[in-house]
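Worksheet: one structure, shown below.
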Amino acid sequence: MPMTSIGSADPGTLVPPPKPTAIPALDNTYGALMLGTFLGLVLYGVILHQGYRYLHLRASKADSTYTKCMVAFVLVIETWHCAISTHQAYYYLVSNYFSPAALFHGVWSVNLIPVSTGLIIAVIHSFFAHRLWMIDRRFRPYVVIIAILMLGELALTIAESVQAFLQPDLVKFENSATWMFDTSLGMAVLDDGMLTTLLTLALRRSRTGFRSTDSKLNILMKYTINTGLFTG
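The sequence shown lines up with residues 6 to 237 when you count with the numbering used here.
Here it is as structure tokens:
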């Protein structure tokens, strides 16, 4: 019985080797993710410094329990946000640095980023909205609008995270959730702009004509504008 050599095998029966998965450009995707994570960690250090200074202010001892709990909650949720941001960068760029297929699949930390971001924005905006509600009764109708925008933005970010868990394919998720990202971001920016503008107007109307008092009000207005533009 003649033996068939490897070289004489029927070419039609040979299975071609699988094509390697194409690696997408990472500059405007995971490169941006890495840079955003680095910047977020820098800002997290600023937040920790602000929290440390708040705890050592004499005036903070007179603050209500509600205010102290809100400050503590913001520090906790910011820590959690930095942790999941670091995890997603490590997962894609270190653990799966040579696995292109993983770049198209969502991981739990990525899925939780939208709701974490929305929660932080909602808590901070609610604090300023409460201050605006207490400062001037004439601004209360605007505070209601701000609250509606804030709740809408939070609801959309929750929906984004739920959709991310239901649709782990990042390409399909982007196609189905882009409108939610755009809408929630627009609502957050509009909410932030309204708060900054109204708080500045409220502080300007609180001028007394006394140099020392007006000087403190000017500092508060600058802080309000800088905070609003920075978070926006």
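Backbone N, C-alpha and C define an ideal beta-carbon position, used for all residues, glycine too.
Going by DSSP, name the residue or residues bridged to residue i.
| i | result |
| --- | --- |
| residue 110 | 174 |
Quick one: using the 10 Å Cβ neighbour count with 16 as the cut-off for buried, is residue i buried or exposed?
| i | result |
| --- | --- |
| residue 70 | exposed |
| residue 218 | Low confidence applies to residue 218: its pLDDT is 48, below 50, so where it sits in the model is not reliable, and the reading given next is rough at best. So residue 218 counts as exposed. |
| residue 235 | Note that residue 235 scores a pLDDT of 47, beneath 50, so its modelled location is shaky; the value from the coordinates is reported in the next line. So residue 235 counts as exposed. |
| residue 44 | exposed |
| residue 94 | buried |
| residue 171 | exposed |
| residue 47 | exposed |
| residue 116 | buried |
| residue 7 | The predicted model places residue 7 with a pLDDT of 49, which falls under 50 and marks its position as unreliable; any figure quoted below should be read in that light. Under this definition residue 7 is an exposed residue. |
| residue 78 | exposed |
| residue 204 | buried |
| residue 142 | exposed |
| residue 90 | buried |
| residue 119 | buried |
| residue 177 | exposed |
| residue 66 | exposed |
Measure how close the beta-carbons of residue i and residue j come, nearest whole angstrom, since I'm counting them as under 8 Å.
| i | j | result |
| --- | --- | --- |
| residue 207 | residue 140 | 5 Å |
| residue 165 | residue 185 | 5 Å |
| residue 35 | residue 97 | 6 Å |
| residue 121 | residue 163 | Between residue 163 and residue 121 the Cβ distance is about 11 Å, and since that is not below 8 Å, they are no contact. |
| residue 181 | residue 168 | 7 Å |
| residue 110 | residue 174 | 7 Å |
| residue 132 | residue 75 | 6 Å |
Taking 8 Å as the cut-off, does the CB of residue i come closer than this to any heavy atom belonging to the ligand NAP?
| i | result |
| --- | --- |
| residue 80 | This structure does not include the ligand NAP; it has no bound ligands of any sort. |
Spell out a yes or no on whether the stretch 83 to 102 and the stretch 114 to 134 are touching, meaning 3 or more CB-CB pairs, one atom from each, closer than 8 Å. Cβ pair count under 8 Å is three or more, so yes.
### Query
What runs of the alpha helix (DSSP H), each 4 residues or longer, lie entirely inside the stretch 124 to 202?
For the stretch 124 to 202, whole alpha helix (DSSP H) runs of length 4 or above, ordered along the chain, are 145 to 171.
Notebook entry, point to check: Counting pairs of beta carbons, one from the stretch 135 to 153 and one from the stretch 184 to 204, are three or more of them closer than 8 Å?
Noted result: Taking a contact to require three or more Cβ pairs closer than 8 Å, the stretch 135 to 153 and the stretch 184 to 204 qualify as touching.
The stretch 50 to 69 touching the stretch 98 to 114, judged by at least three CB pairs closer than 8 Å = Because the criterion of three Cβ pairs below 8 Å is not met, the stretch 50 to 69 and the stretch 98 to 114 do not touch.
If we count Cβ pairs, one from each stretch, closer than 8 Å, do we get three or more for the stretch 133 to 141 versus the stretch 158 to 177? Contact check between the stretch 133 to 141 and the stretch 158 to 177: fewer than three CB pairs, one atom from each, fall below 8 Å, which does not count as touching.
#### Entry: Every unbroken alpha helix (DSSP H) inside the stretch 25 to 103 [4 residues or more]
Given a length threshold of 4 residues, each whole run of the alpha helix (DSSP H) inside the stretch 25 to 103 is given here in chain order: 35 to 60 and 70 to 95.
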